[in-house]
Amino acid sequence: MYPDVTGRFAPTPSGRLHLGNLLCALLAYLSARHAGGRFLLRIEDLDAPRCPRRLARQAIEDLCWFGFRWDAPPVYQSERSAIYQFHLERLEAKGLIYPCFCTRAQLQQQASAAPNLGDTQWVYRGTCAHLGKEEAARLSLARSPALRVRVPDEDIRFVDGLQGPQRENLARDCGDFIVRRSDGLFGYQLAVVVDDALAGVSEVVRGRDILSATPRQIYLLRELGYPVPRYYHIPLLTDAQGRRLAKRDRDLDLSALSRRHTPQRLLGMLAHAAGLLEEDRPAELDELISLFDWSKVQRGDLRLPAWL
Ligand code: GLU
Numbered sequence: 001m002y003p004d005v006t007g008r009f010a011p012t013p014s015g016r017l018h019l020g021n022l023l024c025a026l027l028a029y030l031s032a033r034h035a036g037g038r039f040l041l042r043i044e045d046l047d048a049p050r051c052p053r054r055l056a057r058q059a060i061e062d063l064c065w066f067g068f069r070w071d072a073p074p075v076y077q078s079e080r081s082a083i084y085q086f087h088l089e090r091l092e093a094k095g096l097i098y099p100c101f102c103t104r105a106q107l108q109q110q111a112s113a114a115p116n117l118g119d120t121q122w123v124y125r126g127t128c129a130h131l132g133k134e135e136a137a138r139l140s141l142a143r144s145p146a147l148r149v150r151v152p153d154e155d156i157r158f159v160d161g162l163q164g165p166q167r168e169n170l171a172r173d174c175g176d177f178i179v180r181r182s183d184g185l186f187g188y189q190l191a192v193v194v195d196d197a198l199a200g201v202s203e204v205v206r207g208r209d210i211l212s213a214t215p216r217q218i219y220l221l222r223e224l225g226y227p228v229p230r231y232y233h234i235p236l237l238t239d240a241q242g243r244r245l246a247k248r249d250r251d252l253d254l255s256a257l258s259r260r261h262t263p264q265r266l267l268g269m270l271a272h273a274a275g276l277l278e279e280d281r282p283a284e285l286d287e288l289i290s291l292f293d294w295s296k297v298q299r300g301d302l303r304l305p306a307w308l
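In this note's numbering, the protein residues as written are 1 to 308.
Right, dumping it as structure tokens:
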């Protein structure tokens, strides 16, 4: 464990920030500041064409509009390939990495034969796990491989600060997973853990949709010899009718909302929906820092008010 609290917000700016991002930024910020800790911003633009710099700048502007401040210049994943490569080589040196030549069609075929584990997760059957060196060299003449990390047949356990005890057997429930794609892009799991570890992040606050990726990240941290942060996977938002928000709900992104409402109105509304404020009223970030308490934060989906 790290001695001091360091929190972070790590958006993927493939569109304008929406209320789900804002809730995440808010809880991550309040948790870190309430503990007297540091708060960092990381732009997860690994997939650079999908995340143009213009959207990252917009995200930063939006966060500033709400009054968020961070304690170091923002980190951009798109500029950190050499760091990810270094860590990949550390895993390689431990014999944990192998090339995978499976095509998308082959993977889809395997997926349809595998148990479906919810979201997009399915078990990789280890088709390429035992290729000999020569066979791999021959195949790489025709196709550049993805790189996978071998996973153990053991339960990875952790206690999520909001969602409680979790466990997953990576070999059974996930299989060897990709750490570098065949087009050279580094996998999200590797980038996240390397960035968090190097920045000394001690608590990770993010959407519940990422809960299922956490055991893979804990495994990578362990193999790289880094401490495991405390995790809080926060609820997802629904509209007033209880329907999950989707990225396509353009009227709930900040371009529309910031024209209709003040930052204090939106912050107060989210703090109320999350369980931190008793009434739905405008609130300043500073006021919310002193009120913050994880035990007040709801675990289940959070319903947004109809007035939005
Ligand atoms: N970039 C991810 C997102 O925007 C969050 C990753 C994380 O917080 O670990 O959903």
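All C-beta atoms, glycine included, are put in the ideal place defined by N, C-alpha and C.
Mind checking which residues open and close the beta strand (DSSP E) that includes residue i?
i       : result
Val-193 : Here Val-193 belongs to no beta strand (DSSP E); instead the alpha helix (DSSP H) covers 188 to 198.
Arg-265 : Here Arg-265 belongs to no beta strand (DSSP E); instead the alpha helix (DSSP H) covers 263 to 274.
Asp-155 : 155 to 160
When every heavy atom of the ligand GLU is checked, does at least one fall within less than 7 Å of the C-beta of residue i?
i       : result
Val-204 : yes
Val-123 : no
Ile-210 : yes
Glu-44  : yes
Val-192 : yes
Gly-15  : no
Gly-207 : yes
Could you have a look at residue i and say whether DSSP puts it in helix, strand or coil?
i       : result
Arg-54  : helix
Asp-119 : Because Asp-119 sits at a pLDDT of 47, beneath the cut-off of 50, its placement in the model cannot be relied upon, and the following sentence gives the value as read from the coordinates. In this structure, Asp-119 counts as coil in the three-state DSSP scheme.
Asp-280 : coil
Ala-98  : The residue you asked about is not Ala; residue 98 is Tyr in the sequence shown. The answer is strand: DSSP assigns Tyr-98 an E or B state.
Thr-214 : helix
Tyr-219 : helix
Leu-245 : coil
His-18  : strand
Gln-166 : strand
Phe-9   : strand
Tyr-124 : coil
Ala-146 : strand
Asp-253 : strand
Arg-260 : helix
Tyr-29  : helix
Grab the span of the alpha helix (DSSP H) containing residue i for me, first residue to last.
i       : result
Phe-86  : 81 to 93
Ala-171 : 170 to 173
Leu-40  : That residue, Leu-40, is in no alpha helix (DSSP H); its beta strand (DSSP E) goes 38 to 43.
Leu-141 : 133 to 142
Leu-304 : Segment: none, Leu-304 is in no alpha helix (DSSP H) and carries neither H nor E.
Which one or two residues does DSSP pair with residue i in a beta bridge?
i       : result
His-233 : Arg-206
Ile-289 : Per DSSP, none; premise fails for Ile-289.
Arg-180 : Leu-147 and Phe-186
Val-201 : Beta-bridge pairing links Val-201 to no other residue.
Thr-238 : Arg-244 and Arg-303
Indicate, with yes or no, if the ligand MN has a heavy atom lying under 7 Å from the CB of residue i.
i      : result
Ala-10 : By its list of ligands, the structure shown excludes the ligand MN, since it contains just the ligand GLU.
Check: Would the stretch 100 to 111 and the stretch 234 to 244 be scored as touching if the rule is three or more Cβ pairs under 8 Å?
Finding: no
Checklist line | At least three beta-carbon pairs within less than 8 Å, the stretch 254 to 271 to the stretch 4 to 12 | finding: no
Checklist line | Stretch-stretch touch, CB-based, cutoff 8 Å, three pairs: the stretch 250 to 265 with the stretch 173 to 191 | finding: no
Next item on the list: For the stretch 56 to 68 and the stretch 162 to 177, state whether three or more C-beta atom pairs, one from each stretch, are separated by less than 8 Å.
Entry: no
Check: Taking contact to mean at least 3 C-beta pairs separated by less than 8 Å, is the stretch 208 to 220 in contact with the stretch 280 to 290?
Finding: no
Next item on the list: Would you be able to state if there are at least three C-beta pairs under 8 Å between the stretch 159 to 172 and the stretch 136 to 145?
Entry: no
Margin query: Assess contact between the stretch 190 to 205 and the stretch 79 to 89, defined as three or more Cβ pairs (one per stretch) separated by less than 8 Å. Is contact present?
Written below: yes
Check: Are three or more beta carbon pairs between the stretch 67 to 76 and the stretch 37 to 56 nearer than 8 Å?
Finding: yes
Check: Are three or more beta carbon pairs between the stretch 204 to 213 and the stretch 87 to 94 nearer than 8 Å?
Finding: no
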